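Residue numbering for the sequence shown follows our numbering, beginning at 69 and increasing consecutively. Beta carbons are placed, not taken as given, at the ideal position from N, Cα and C, and that holds for glycine. Bear in mind that the values here come from a model prediction, so they are computed numbers and not experimental data. Notes follow the structure.
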Amino acid sequence: MFINRFKSALARFGRREDGTIAIEAMIIMPMMFWTFLSVFSIFETFRNYSIHQKAAYTIGDSISRETAPLDAAYITGSLQMYEYLSRSQGRSSLRVTSLVYDQPNDRFHRDWSKTAGSVPELSNEDVRDWSYKLPVMPDNERIMLVETWSRYDPPFATGLEQREIKNFVFTRPRFAPRVCWEQCE
Numbered sequence: 069m070f071i072n073r074f075k076s077a078l079a080r081f082g083r084r085e086d087g088t089i090a091i092e093a094m095i096i097m098p099m100m101f102w103t104f105l106s107v108f109s110i111f112e113t114f115r116n117y118s119i120h121q122k123a124a125y126t127i128g129d130s131i132s133r134e135t136a137p138l139d140a141a142y143i144t145g146s147l148q149m150y151e152y153l154s155r156s157q158g159r160s161s162l163r164v165t166s167l168v169y170d171q172p173n174d175r176f177h178r179d180w181s182k183t184a185g186s187v188p189e190l191s192n193e194d195v196r197d198w199s200y201k202l203p204v205m206p207d208n209e210r211i212m213l214v215e216t217w218s219r220y221d222p223p224f225a226t227g228l229e230q231r232e233i234k235n236f237v238f239t240r241p242r243f244a245p246r247v248c249w250e251q252c253e
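See the structure below:
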C-alpha cells in the first residue's frame with residue numbers, strides 16, 4: 069500500500085509542469101553567465117593585444133624620427149609613454165636596439181641596445197642570424213628594433229590565464245641615416 073501511494077505520488081509529480089521554467093533557468097543561467105564572461109574576457113584580451121601593439125608601433129615611430137642622439141632618459145621616457153598608451157601600470161619592459169645589416173655575410177650587427185625594465189640588452193651574438201625575423205635590407209642599411217613586454221591579467225577567471233604580451237617592431241630611421249646613442253661618431 070505504501071509503495072502504491074509512493075508510485076502514484078511520484079507519477080503525479082512527474083506529470084506536473086508548474087515550476088519547470090524556474091528549474092531550467094537554474095540549470096542554464098550559470099552556463100550562460102560563464103559564457104558571457106568568457107566571451108567578454110576573450111574580447112578584452114584581443115583588445116589589449118591591439119592596444120599594446122599600437123603603443124609599440126608609436127614608440128618605434130617616434131624613435132625612428134629622432135635626429136639627435138638618444139640617452140637613458142629618452143628610453144625611460146619611452147617606457148613611461150608605452151605604459152601610458154597601453155595602460156599597463158608599471159608592469160612593462162622595453163628594449164630598443166639599433167641594427168645594421170651586413171649583406172656579404174648575411175648577418176646583422178648591433179650598433180647599440182638599451183633597455184628599461186627587466187630585460188637584458190641584445191648582443192651581436194643574439195642578433196647575428198635574425199634574417200628570418202627582420203625584413204630584407206640592402207647592405208649597411210640600419211633599422212631600429214623596439215621590443216616590448218607587458219603582463220596582462222584577464223578581467224575574469226574563466227580559463228584564460230595571466231600572460232605576457234610581447235611586441236617586436238622594426239622601423240627604418242626616417243630623417244637621418246641612423247639613430248645614435250648619446251653621441252654620433
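DSSP three-state assignment for residue i, whether helix, strand or coil
{"i": "residue 174", "result": "coil"}
{"i": "residue 250", "result": "coil"}
{"i": "residue 231", "result": "strand"}
{"i": "residue 226", "result": "coil"}
{"i": "residue 239", "result": "strand"}
Residue environment, residue i, which counts as buried when at least 16 other CB atoms sit within 10 Å
{"i": "residue 215", "result": "buried"}
{"i": "residue 142", "result": "buried"}
{"i": "residue 118", "result": "exposed"}
{"i": "residue 151", "result": "buried"}
{"i": "residue 200", "result": "exposed"}
{"i": "residue 195", "result": "buried"}
{"i": "residue 184", "result": "buried"}
{"i": "residue 78", "result": "exposed"}
Cutoff 8 Å: residue i Cβ touching any chain B Cβ
{"i": "residue 178", "result": "No chain B appears in this structure, which consists of one protein chain only."}
For residue j and residue i, the rounded distance between their alpha carbons
{"i": "residue 91", "j": "residue 99", "result": "14 Å"}
{"i": "residue 166", "j": "residue 244", "result": "13 Å"}
{"i": "residue 83", "j": "residue 71", "result": "18 Å"}
{"i": "residue 120", "j": "residue 219", "result": "11 Å"}
{"i": "residue 96", "j": "residue 81", "result": "22 Å"}
{"i": "residue 231", "j": "residue 88", "result": "42 Å"}
{"i": "residue 102", "j": "residue 116", "result": "21 Å"}
{"i": "residue 222", "j": "residue 171", "result": "44 Å"}
{"i": "residue 250", "j": "residue 229", "result": "41 Å"}
{"i": "residue 113", "j": "residue 202", "result": "27 Å"}
{"i": "residue 147", "j": "residue 94", "result": "49 Å"}
Supposed contact pair residue j and residue i - C-beta distance, whole angstroms, cut 8 Å
{"i": "residue 238", "j": "residue 212", "result": "7 Å"}
{"i": "residue 189", "j": "residue 182", "result": "6 Å"}
{"i": "residue 168", "j": "residue 131", "result": "So it is not a contact: roughly 16 Å between Cβ atoms."}
{"i": "residue 154", "j": "residue 217", "result": "About 11 Å separates the two Cβ atoms, so there is no contact after all."}
**Message:** To test your reading of the DSSP string, which unbroken beta strand (DSSP E) runs of 3 or more residues are found completely within the region 151 to 223?
**Reply:** 160 to 170, 175 to 184, 210 to 220
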